[in-house]
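Under numbering that gives the first Met the number 0, the sequence shown has 1065 at position 1066, and the numbering climbs by one with no breaks. In this text, a Cβ means the ideal position worked out from N, Cα and C, and glycines have one as well. These figures come from a predicted structure and were not determined experimentally.
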Amino acid sequence: METAASEASSFYRAAGDGHHHHDHLQGIDAIFFDLDNTLVQTRAVDERACNEADECDQHSLKLLYDAIGFDFLNRLLKSTEVPQDCPPFIYKSIALSIVSCFCSVPEIVESDSILGIIPVLLDIVSTSDTDDMEDNLMLVSDCYTCLQAIAFFESGRKALLTKGCLLKLTEVYVEEMFRHDQALQLLVYITSKEGKQLWAGHEEPFKQLLNRLANEFNEDTTEKKFELCKMLAVFLANSPRLPVVELQKEDWPQHTLLTLEGILCSRIGTSQRDSALQLISRLLELMGIGWGLKFGPNPRQFLLLLVNLACVEVRMKLEDRTLEQAIESADILVACYSVVELFITFMTSQGFLDFDAKQREQAYCALKGAVGSILAMLHRTDEECSHEWTRPVNDRRTEFVCASIRILGSWLAEETSSMKEEVCAVLPFIITVCSRMYEERKLGSISDMPDPLRFMLPAFCHLAAEDAPRKIMLCQKLPQLLYDYLLYQWGIFSKWLALQPTVAADWLHVHTTPEEDDVAEANRPESESAIILVCGVFMNLAVLEPELVATDVVFAQLLKFCITNLPPLVHRQDFIVLLGNVAVLGLLLLRHHTWKYAQGDSAAFRYIQGTVSFLWDAHNSEESCDSLSLVISLRYKRDWPDLAELWFLGMQGLSNVMGKLDWIVEFIVDSGWPHEMMKSLSRIVAGAIDANTRTAYEDFLCCLLRAQPAKVKAVILENRGRHTCQEVYEVWKKLRYTYMTLDGPAANLLSALRKHNYTIGLITNGPSRSQWEKIVQIGAEDYFDLILLARKNEFYPPIDPPEDPDWKKDLVVSKFTKVCMVCGCLGTKLCGGCRGVNYCTKDHQVLHWKNGHKMLCKESVRVEGEDSMFTLPEYEIIIEDEKIEPQTGKLSTSDEAELKEFEKILKAKNPTFQNDESINESLEESVTDVKEDKMFLKFKEKIDSYPDQVLRYGKNETPLYVSDSNIPSSIPDCEHCGSKRRFEFQIMPQMLNYLRLDNISEEGVDWGTLLIYSNHIVDIKTSVLNVNRRPTLVTMDYIMNIPSMGIEHESFRLSYYPHRLDEFKGLLKEAFGDSCKHTVFGDFKQLEEISDPAFYIHLVEKLTE
0 METAASEASS FYRAAGDGHH HHDHLQGIDA IFFDLDNTLV QTRAVDERAC
50 NEADECDQHS LKLLYDAIGF DFLNRLLKST EVPQDCPPFI YKSIALSIVS
100 CFCSVPEIVE SDSILGIIPV LLDIVSTSDT DDMEDNLMLV SDCYTCLQAI
150 AFFESGRKAL LTKGCLLKLT EVYVEEMFRH DQALQLLVYI TSKEGKQLWA
200 GHEEPFKQLL NRLANEFNED TTEKKFELCK MLAVFLANSP RLPVVELQKE
250 DWPQHTLLTL EGILCSRIGT SQRDSALQLI SRLLELMGIG WGLKFGPNPR
300 QFLLLLVNLA CVEVRMKLED RTLEQAIESA DILVACYSVV ELFITFMTSQ
350 GFLDFDAKQR EQAYCALKGA VGSILAMLHR TDEECSHEWT RPVNDRRTEF
400 VCASIRILGS WLAEETSSMK EEVCAVLPFI ITVCSRMYEE RKLGSISDMP
450 DPLRFMLPAF CHLAAEDAPR KIMLCQKLPQ LLYDYLLYQW GIFSKWLALQ
500 PTVAADWLHV HTTPEEDDVA EANRPESESA IILVCGVFMN LAVLEPELVA
550 TDVVFAQLLK FCITNLPPLV HRQDFIVLLG NVAVLGLLLL RHHTWKYAQG
600 DSAAFRYIQG TVSFLWDAHN SEESCDSLSL VISLRYKRDW PDLAELWFLG
650 MQGLSNVMGK LDWIVEFIVD SGWPHEMMKS LSRIVAGAID ANTRTAYEDF
700 LCCLLRAQPA KVKAVILENR GRHTCQEVYE VWKKLRYTYM TLDGPAANLL
750 SALRKHNYTI GLITNGPSRS QWEKIVQIGA EDYFDLILLA RKNEFYPPID
800 PPEDPDWKKD LVVSKFTKVC MVCGCLGTKL CGGCRGVNYC TKDHQVLHWK
850 NGHKMLCKES VRVEGEDSMF TLPEYEIIIE DEKIEPQTGK LSTSDEAELK
900 EFEKILKAKN PTFQNDESIN ESLEESVTDV KEDKMFLKFK EKIDSYPDQV
950 LRYGKNETPL YVSDSNIPSS IPDCEHCGSK RRFEFQIMPQ MLNYLRLDNI
1000 SEEGVDWGTL LIYSNHIVDI KTSVLNVNRR PTLVTMDYIM NIPSMGIEHE
1050 SFRLSYYPHR LDEFKGLLKE AFGDSCKHTV FGDFKQLEEI SDPAFYIHLV
1100 EKLTE
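Below, the structure is given as structure tokens:
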């Protein structure tokens, strides 16, 4: 025992030394350690002593720890020599027993001395299965006690990770070493605190951990199963990016899904069901719902059960509850949110269409109910917070509200037709929260902060297309918020892009595996998709709010952003979708700001160059099999579903812009694109190009030709211009109507009806001119008694403006664009002197200068109010029915008799004044004047009741002539359709009194009357019968003239019953059942493309079984 005593003395002196330095301690005289041979057998007594130490408060424990001193403990831990017959780890065991007693004191645990022993602790737990540790298993428990205490603090977790605890603890659990369950608990805790970035770079050990834990969960049959369920959910929630393809090759995901299906389909308690719901939501997040439909006896039924269960949980936890009450169930609600979001996304896939109609309706109703509960909860929260959100960003309530907004954004991205009022009511609150979170995100104070604005971007795209939500978005200044958010995301994206290698032009020839494509796609920054979605919102606003785009400074800044940042993207072959969005958005904005870029600076030129490159490269014939087909370029093909609409919109936008900016037309022509376009269209065989694509090219060429006929005509004639326009037009008409005939059964039916004395009428819509061409081409006049065309034409709207004296008084052209002072057309040139007057050409500037502007063009003289002496004044024309009142100024009967007698004398062979030739000539001239005065008196009599009239409208009436000279003997037929022209209206000479035409020419402008003839022969009067404020019957009375049949002002009545869209869809569903596909079009377009269609077209297709 001498050796033991000697060792005891040395340790006692160390302890005594420590006590000497802490002489301020009171009540601690000495600390003794029993190191005799009975130490191992008396460990239970020591453990009891340690447990009694737990009863001390933290201050007392700190005093004890300081009294012992870490130097003494450190010597115990590092000592390799032990007393004879003692276990090899005896000193370490003593030291760790002492340290574990002080683990409840934060000041001790976070000290550098305790953090310094982490390698020793990890070495012990990682070697717990060795033979040397068989008799020292209590030591391993003490190690875990210390490790858990250290992991409780952020500084401790950082030290643990730095010392490699992640891999060592994973190894302990995977290899099932002693106390591996404690290693698992420690891993769960650290993972829950550190998040997804913890396992980045350690994907392989993480997969081993998941495989081991999932297998243990699937095999367990005790209550521990649900504890393992919670742990597995934590790891899946914080999983690093793992290729789904690799996970699908493993067995544990499938087995886990089937285990969870068995649990959820059985009778279990609430807490157990909640644990299973949380795990399955995380599993489906990782693997996808489509993967889940591959396993199980009835995967569709189980998926519907899961969705209904999640939706019911959401409704039960949210309905009639405040935010504070909902937070109590936040964990299970978030899990249910995840299932709901995944299924909403799944509803847009082909897999959802494989469900039968009843299943789809059941899922839709469940989701709608859950989303309705979320809307109600957000609305209550908005009212409780007085329409503001001031909670801290790391508060659980803030996180839960952001999660709720995320689900709502997912729903609105796919479904905006339901619950519109509820959405509009909560929309201001959502924008407020999004704005607040974005401002906090910019500060970067908290990592991994939720971004509700990012989740709402798809919803904003759809909501911007509807009037009511769009007005709310504008009132909440969403454009400014989105512009700031765009700059923020672009900053992140541009920094990431600068670090990426440039993809070569031949990148498509490099073969990659699907796994490599998934990894590359996962590594792309989220800011790219955010930028694309913001562009989508702004595109809708640019189309639907033109006045706002033209006047709001936000859109001017946005245009500058597009012009500046597009060129760098042109050279990046791997960001074609982003390139297309920025290019097309810029075109839509440039249309309203062309006056700023009339001269075409270098930045704008590079932008147009990049835009043309994007549109040009989309199609080519070189990559087709035979070079006779126009195909989508390989670079565009993968993303063409996202690019197709952008391309068509870009072609239309460029057509609109180049008509206002000459330099764009010059660049396009000089680039050779029109030449290449014409060459491709002439070489490609019929049917080898999509009809919409061909139409887009042809419309573009037409706009190009209208913009600069002289320059573009040469290009067209060079490539396809061996025929005159008239010849091409005739051939086009013939080919166009080749298959539009009335031959066969249709013609026989019409002929038979006419033989039975039926009067047959044809009513058409569309432009009158083109409709008449079709009628003449197919010979419809031979089969129909009445042919009625629409009032749609190029000259006046089909619907009269409202008869309101204050209607649109503020419509002044100069308010929206710069106009020429001389002619009133678009004025792109500015006076260099005063810079306050615009002109369209240099000639008009010279003309204005000579006519007075020279005197006003001084710095001290304001030309802002200067009026043009050349433009015509504007007036409002008031329409009134004519009522002729008897006039006293006309010739009496006696006067007419005397006039006739006087004419008779003049025409006699021997007139009274026959010897005076001069008198005879004078009298003859007087007679002529009297004849003309007679016609003029009739003219005057007609207009005396309304002397200020400038226009007379009288369809099919006889015109009112000023004199009997220059009256046309016949009116030629219409040169376009061949139909007879009929009088429509006439412009009266009184208009000369209102127009300032004296400066037009030295001779001036004069006319007696201007007659306008047309071939419109119809008048339509519409009446609507309303019952309970709803239209029940619509009646249209057509008044027709058919001179060939002796019919004049014949009336024809057409009545129909108007059905609301949803009602009529219900009627069709009852008639055809659920076995048909029902599609609705508006005005021959997709229903979402037109906001207020004139009519609906219902297409009912029988589904193939």
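| Asked | Found |
| --- | --- |
| Nearest candidate by alpha-carbon position, reference Phe354, set Glu249, Thr126, Gly200, Arg299 | Arg299 |
| Straight-line gap, Leu95 to Val173 (C-alpha atoms, nearest Å) | 25 Å |
| Residues bridged to Tyr952 (per DSSP) | Phe984 |
| 8 Å Cβ shell around Glu879 - same chain, five flanking residues per side excluded | Tyr945 |
| For Leu302 and Ile288, believed in contact at Cβ under 8 Å, the rounded distance | 7 Å |
| Beta-bridge pairing of Cys1075 - partner residues as DSSP gives them | Lys1101 |
| Coil, strand or helix - Ser750 by DSSP | helix |
| Per-residue burial, Phe492 [other beta carbons within 10 Å of its own, 16 or more giving buried] | buried |
| Rounded distance between the beta-carbons of Phe666 and Ile607, thought under 8 Å | 6 Å |
| Sub-8 Å separation of Val339 and Ala369 beta-carbons | yes |
| Touching by the beta-carbon criterion (3+ pairs, under 8 Å), the region 525-534 and the region 478-485 | yes |
| Continuous alpha helix (DSSP H) assignments of at least 4 residues falling wholly in the region 616-661 | 633-636, 639-657 |
| Buried or exposed by the 16-neighbour rule on C-beta atoms within 10 Å, applied to Val1099 | exposed |
| Assigned exposure category for Glu260 - 16 Cβ within 10 Å defines buried | buried |
| Inter-stretch contact at 8 Å, needing at least 3 Cβ pairs: the region 221-230 / the region 194-207 | no |
| Opening and closing residue of the alpha helix (DSSP H) in which Leu374 lies | 356-383 |
| Length of the line joining the Cα atoms of Val542 and Leu1067 | 34 Å |
| Cβ-Cβ distance between His618 and Thr694 below 8 Å | no |
| Distance between beta carbons of Cys102 and Thr144, contact taken as under 8 Å | 6 Å |
| Per DSSP, the bridge partner or partners of Leu231 | DSSP, once it has assigned bridges, lists no residue as partnering Leu231. |
| The region 635-648 in contact with the region 667-674 per 3-pair CB rule at 8 Å | no |
| Opening and closing residue of the beta strand (DSSP E) in which Ile762 lies | 760-762 |
| Identity of the residue in Asp1091, Lys157, Leu235 nearest Glu109 by Cα | Lys157 |
| Cutoff 7 Å; reference Ala424; Cβ partners in own chain excluding five residues on either side | His378 |
| Residues bridged to Lys419 (per DSSP) | Its beta-bridge partners do not exist; DSSP assigns none. |
| For His1077 and Leu704, the rounded distance between their alpha carbons | 42 Å |
| Rounded straight-line distance, which links the Cα of Ser99 to that of Glu245 | 43 Å |
| Rounded separation between Val711 and Gln651 - CA only | 18 Å |
| Burial state of Cys264, where buried means 16 or more other Cβ atoms lie within 10 Å | exposed |
| Segment limits, beta strand (DSSP E) that includes Leu991 | First-last for Leu991: undefined, no H or E at that position. |
| According to DSSP, residues forming a beta bridge with Ser1013 | Arg981 |
| Inter-residue Cα distance where the pair is Ala14 and Glu215 | Here the model assigns Ala14 a pLDDT of 37, short of 50, so the residue's position is not dependable, and the following value carries that caveat. About 47 Å. |
| Endpoints, alpha helix (DSSP H) assigned at Ile117 | 117-125 |
| Residue closest to Arg435, alpha-carbon to alpha-carbon, out of Pro567, Leu642, Val392, Leu825 | Val392 |
| Enclosing beta strand (DSSP E) for Leu704 [first to last residue] | Not the beta strand (DSSP E): Leu704 falls in the alpha helix (DSSP H), residues 690-706. |
| Distance CB(Leu577)-CB(Leu558) smaller than 8 Å | no |
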